[in-house]
Amino acid sequence: MNQNTATLEPIKDGYNFAYLDEQTKRMIRRALLKAVAIPGYQVPFGGREMPMPYGWGTGGVQLTAAVIGESDTLKVIDQGADDTTNAVSIRSFFKQLTGVKTTESTSAASIIQTRHRIPETPLQADQILVYQVPIPEPLRFIEPSEVETRKMHALKDYGVMHVKLYEDIAHFGYIATTYAYPVRVNDRFIMDPSPIPKFDNPKMHQMRALQLFGAGREKRIYAVPPYTNVSSLDFEDHPFEIQAWEESCAICGSKDSFLDEVIIDDQGTRNFLCSDTDYCQQQVAKQAEKEEQAAEGEQDDN
Amino acid sequence: MYVAVKGGESAIQNAHKLLDKTRRGDLTFPELSVAQVQKQLPLAVSRVMTEGSVYDPELAALAIKQSAGDLVEAIFLLRAYRTTLSRFYSSEPIDTTTMQVARRISATFKDLPGGQLLGPTFDYTHRLLDFTLLADGRTPEELANITSQDNSESESESIPRVLEMLEKEALMVAEEDEQKTPADITQDPPSYPCNRSARLQALARGDEGFLLALGYSTQRGYGRNHPFAGEIRTGDVTVSLLPEELGFSIDIGTIEVTECEMINGFSKLEDGDIKFTRGYGLAFGMNERKTLSMALIDRALQAEKYGEERVSPAQQEEFILSHCDNVEAAGFVSHLKLPHYVDFQSELELLRRLRAERTTPDAASGDQS
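So the protein lines, in turn, are chains L and B.
Its first residue numbered 1, the first sequence is counted upward by one per residue in the working numbering.
Its first residue numbered 1001, the second sequence is counted upward by one per residue in the working numbering.
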C-alpha cells in the first residue's frame, strides 16, 4: 500500500508479485475506491480464481494482493488465532509470492487479513483490516434473489430485516443472531459484517483503521472508511448487547476478551481460552512484567 | 491440553507429503505418465478442459494426474492456472460448419446432406464389462487397422447444418449475430438478468452433473420444452486470429469441440408467426452429455422470450447460473471443514442462555411436554 510503482518485482518464478497481474490489481483497486466512497455498498468486481478454494478466503486474499506492497507487514488470523490451519496457509502464500514481513503482533502489522474476528487490541489509523466474506448480502437469507436485494438496498427498503429481528424476539425473547449480526453503515446501507461474533460489532464503529471486505465467490467488495458510524440493528426496548462470559481465560485470566470453549475430557469438562492468541500472549507478558516488578519491589523492601 | 489448536504449519506440510504418497500409490506398479492420461483418458481430459475453461490437453492431463483422478479438483487446478495467463487476442468465432467431423448425427432426419456418422461412441455398446481389458485388450496391430469407414463424406469442405436447413424453410427461429462483443464472466461479474452470451459462457463452464440433472428435470415436466437432438457433431475446427496490424486472419491451430443444436417445440412469436425454437450447447473435446444438457437448459432459460411462465428450477436464470460453477460450489461446501469455533461458540452461548431461562422460572410446565 505504500508504493506507487506500477509493477513490483516478482518474488516467485512464473508468478506475479502477490499472484494477481497488475491489470487485475488495478481493477480491484478501482472497485475499492468506489467501495470506500460509498461505505457499506457492495461493489461488484471481476473476481478471479485463486489457488485456494472459494469459501476459503479468496475475496480477502484478492484484496490483500491488490493493496500489499514490499514494505508492508502482514498478519493473518482465522478465528482470532494466527496458528489455525487456514491462516497459516494464507500467510505462507503471501510470504512465497511477496516476500513481505509477517507478524503475529496486531500492533506491528500494516495489513491484517481476518476470518471471523476483529483483534481485541484496538487498531490504528495506518492499518488496514481485510475481512474474508462468505455471503456479502445481509438480506440474502430473507430474499434469495440478487435482483431483488439490489433493489431493496437502492430504495433503502429494509423493513423486512427489522421484521426478521422482531420475529426472533417473538419466538425466543432475544434477537437470535449471534454472528454476522447486521449493521447499518454511515446511516445508510445495511451491511453484513462477515461472520464475526456480534461481540466484535462495536469495534467497527468509528474504527481508526480502514476496513475492507472481500467476497471472492460472490464477486463483491465493500468497505468501511476510518471514523465511520457503524451501528448494530436493534429496537429501543431490545437494545443491542454483546456476549459476556462468566468464566475467564484459562491462560491469561482475561475477563473481557472473546473466549473459545475447549473440551478437555470425555466427561464434558470445559476450559475457556482467548480466541485472539496475540491478545492472550500480551496479557500473559503483562502479568509476567507485573510479577517481576512486584518481585523487584519486594527485594527493594528487604 | 492446549495442543489441539496449535501446530498448524507442520501438520499442513505433513498432510501434503502424505497426499503425494497416496497419489503415487503402490510403488511396485509403474508410475502413470501425464502423456498416458492425455492419450488414454480423452473424455476426462475433455471435461476438465471444458469446465476448467482452457483448451490445453496436456495441462488438463497434468491436473488429472495431480488430483489423483478427482475431476472437480482437476478443473479447479486448471482454472487457478488459467486465471494467471495474459490475454493477447480474442480469436475469430470458430465456424463449426466447416468442422472436420469425427462424429455427426441427427435424431430428426433419417438421412441428410453430409450423412450420419457414428464415430467413436458408447451409444449402442452393451454395457458389459470387457474383461479382455483386464489383460491387454485388442492387439496394437488390430487397433492400427481400425479406421472410420466413412472418409469420403468427412473430407468435404463443410457439412450443412440441420437447423440452418429448417431456418431456410422459415420453420426455425433464426440465430442472429448481435454484432456486439460477447460478455466475459471471467472479467466482469455476472449481473441478472444477463444476456445470452454470458449465459452460454456460464453454462459451458458449468458442472456437467448439475446441468445434466436440470436438463433431465425439463424432460420430466419441470419446464418442458419438447426437445429433439437436431444435430450433434464432434470434430476439429480451425482457430484463427485477426491481428489489426495485419488486416487479414491467420490460422493458429485446431481444437476439438462437440456441438449440440437442439430443436425445441414450436412457439408463437411476437410477430404472430409460429416456428420451432432452439437451444445450443458447446464443449471442448468429446463431451456429448454436457452439450445436450446445456442445450436443454439454454432453451429452458429462454422462457421469457417466448412468453412461458417461469415456474420450474431449469427456467430460473439467477438460480442456475449462480450455482452451476463447480469450482465455486465445491469451494464453498468444503469450507465447512474450516474452523468455525467462534461462530459456534456464539450459538452455544445463546442456546445455553435460552435453555437456562426456560428451565428456571417454569420448569415443570416447560419440560413435561
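Think of the CB as a built atom: it goes at the ideal place given N, C-alpha and C, for glycine as much as any other residue.
Here L:I263 is exposed, its C-beta having fewer than 16 other C-beta atoms within 10 Å. Chain-order list of chain B residues neighbouring L:K219: P1189, by C-beta distance under 7 Å. The beta carbon of B:F1248 sits closer than 8 Å to those of L1242, all from its chain and outside the five residues before and after it, given in chain order.
Interface annotation for the stretch 71-86 of chain L against chain B: D78, Q79, G80, A81, D83, T84, T85, N86, criterion Cβ-Cβ distance under 7 Å. Interface criterion not met: the Cβ of L:T114 is under 8 Å from no Cβ in chain B.
For the 8 Å CB-CB criterion, B:G1230 and B:M1262 form a contact. Sequence-ordered contacts of the stretch 158-178 of chain L with chain B read F172, G173, Y174, A176, T178 [C-beta pairs closer than 8 Å].
Only residues of its own chain outside the window of five on either side were considered, and among them E261, V262, I263, I264 have a CB closer than 8 Å to the CB of L:R270, listed in chain order. Here B:L1078 is not near B:A1061, since their CB atoms are 8 Å or more apart. The three-state secondary structure of L:T24, taken from DSSP, is helix. Between L:P195 and L:A180, the CB-CB gap stays under 8 Å. Between B:N1287 and B:S1046, the alpha-carbon positions lie close to 7 Å from each other. Under the three-state reduction of DSSP output, B:Y1306 falls in the helix class. In summary, B:Q1013 is exposed, with fewer than 16 beta-carbon neighbours lying within 10 Å of its beta-carbon over all protein chains present. For B:L1292, same chain residues with a beta-carbon under 8 Å away, outside a window of 5 residues either side, are G1215, A1229, I1232, C1260, M1262, G1281 in chain order. Look at B:D1343: its C-beta is under 8 Å from a C-beta on chain L. Pairing L:V61 with L:L212, the inter-Cα distance amounts to about 11 Å. CA-CA distance, B:A1356 to L:P193, rounds to 29 Å. B:R1103 is not a Cβ neighbour of B:L1112, given a cutoff of 8 Å. With a beta-carbon spacing of about 5 Å, L:W56 and B:H1335 fall inside the 8 Å limit used to define contacts. B:E1167 and B:E1317 have their C-alpha atoms spaced approximately 27 Å apart. The beta carbons of L:R115 and L:D276 sit about 13 Å from each other, so the pair does not count as a contact at 8 Å. In summary, the residues of the stretch 36-56 of chain L whose CB is separated from some CB of chain B by less than 7 Å are P44, F45, G46, G47, R48, E49, M50, P51, P53, Y54, G55, W56, in the order they occur in the chain.
Per DSSP, reduced to three states, the secondary structure at B:I1012 is helical.
Burial is judged here by how many other beta carbons sit within 10 angstroms of a residue's own beta carbon; B:N1195 has fewer than 16 and is exposed. The alpha-carbon of L:G40 is positioned some 22 Å away from that of L:E241.
Residues are counted here when their Cβ sits less than 8 Å from a Cβ of chain L; for the stretch 1073-1085 of chain B these are F1076, R1079, A1080, R1082, T1083, T1084, given in chain order. Annotation: the continuous beta strand (DSSP E) that includes L:Q113 extends over 111-115. B:I1263 has B:F1228, B:R1278 as its beta-bridge partners, per DSSP. Here the alpha carbon of L:D78 sits roughly 14 Å from the alpha carbon of L:S92. By alpha-carbon distance to L:R217, the top candidate from B:E1169, B:F1284, B:V1333 is B:V1333. With respect to the 8 Å criterion, L:I112 and L:P122 are not classified as neighbours on the basis of their beta carbons.
Comparing alpha carbon positions, the residue from L:Q287, L:L210, L:G14, L:F235 closest to L:Y174 is L:F235. The stretch 17-97 of chain L contains, as complete beta strand (DSSP E) runs of 3+ residues, the segments 73-78 (chain order). Residues of the stretch 246-272 of chain L with a C-beta atom less than 8 Å from some C-beta of chain B are I251, F258, L259, D260, E261, V262, I264, N271, listed in chain order.
The CB of L:R117 comes closer than 7 Å to the CB of V1342 in chain B, given here in chain order.
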